[in-house]
Amino acid sequence: MSSFKYVTPYWCDSQDVYGEGIKIYTGTTFCILNYNNVRADIKIHFYDEVGTIYSDMEIGMLTHANSVLSLRIIDIISEKNPSYRVSTNLRAGSLRIISDVPLVISGKMYNGKTTSAGTEDLNVWSIPFEEVKVEELDFGKIGGPIPFPNNGFGQYDKRKRPGNK
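Numbering (my numbering), first residue to last: 5 to 169.
Now the structure itself:
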């Protein structure tokens, strides 16, 4: 079975409250295009900024053939942890997506503010996803004996130690 890995170096979801009813936020959204004629089995793994996996945030999903998913990270995490959506000082790190079919993935990170008048996006940045090649391993039988190089210790075993007769 083949697998395809895609990574992005950074994602961020954070939210701070400034004064009454004013929230400053940063969020990440990504889109997955499954252009194949078969469904895609996708696993998503989140890591913190030093590379430790957030095991409470791992998710798996199936997508339809020839489909597009648009996902906000805060919505994905809130599905498992509803209190995450209203938390402040949320999480940041890197993201890895593994699929059994090739995909096209893009992402954006945005920040803005929310007030009683509504939400305003102030900045939007594109975040790159890169495909990481997975080497297929052949676990077939090893043919023939495994050669060991002559390490030169053969003569050592034949020497007499001082005090031995």
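Positions of the beta carbon are idealized from the N, C-alpha and C atoms, including for glycine.
How many angstroms separate the CA atom of residue i from the CA atom of residue j?
i              : j              : result
isoleucine 57  : serine 98      : 9 angstroms
valine 137     : lysine 9       : Looking at the sequence shown, residue 137 is not valine but lysine. The straight-line gap from Cα to Cα measures roughly 7 angstroms.
serine 120     : lysine 84      : 28 angstroms
serine 130     : methionine 113 : 6 angstroms
histidine 49   : proline 106    : 17 angstroms
isoleucine 36  : asparagine 115 : 21 angstroms
methionine 61  : leucine 75     : 14 angstroms
lysine 117     : tyrosine 29    : 6 angstroms
asparagine 41  : glycine 23     : 51 angstroms
tryptophan 15  : aspartate 125  : 17 angstroms
tyrosine 39    : isoleucine 81  : 26 angstroms
asparagine 155 : serine 6       : The pLDDT assigned to asparagine 155 is 49, lower than 50, so where the model puts this residue is not dependable; a value taken from the coordinates is nonetheless given after this. Asparagine 155 and serine 6: Cα-Cα distance of roughly 40 angstroms.
glycine 25     : arginine 95    : 22 angstroms
Could you tell me how far apart the beta carbons of residue i and residue j are, in whole angstroms, since I believe they sit closer than 8 angstroms?
i            : j             : result
threonine 12 : proline 86    : With a Cβ gap of about 25 angstroms, threonine 12 and proline 86 do not count as contacting.
serine 103   : aspartate 52  : Contact doesn't hold; Cβ gap of about 23 angstroms is too wide.
glycine 31   : isoleucine 78 : 6 angstroms
Quickly, what does DSSP pair residue i with across the bridge? List them, please.
i              : result
asparagine 115 : Thr30, Asn127
asparagine 38  : Ser71
aspartate 52   : Beta-bridge pairing links aspartate 52 to no other residue.
tyrosine 10    : Ile101, Glu135
aspartate 17   : Beta-bridge pairing links aspartate 17 to no other residue.
alanine 121    : According to DSSP, which records beta bridges pairwise, alanine 121 is partnered with nothing at all.
Requested in this report: Jot down the residue ranges of each uninterrupted alpha helix (DSSP H) in the region 59-111, minimum 4 residues, whole runs only, in chain order.
Outcome: 77-84
Query raised in the report: Does the region 79-92 come close enough to the region 16-23 that 3 or more CB-CB pairs lie under 8 angstroms?
Result: yes
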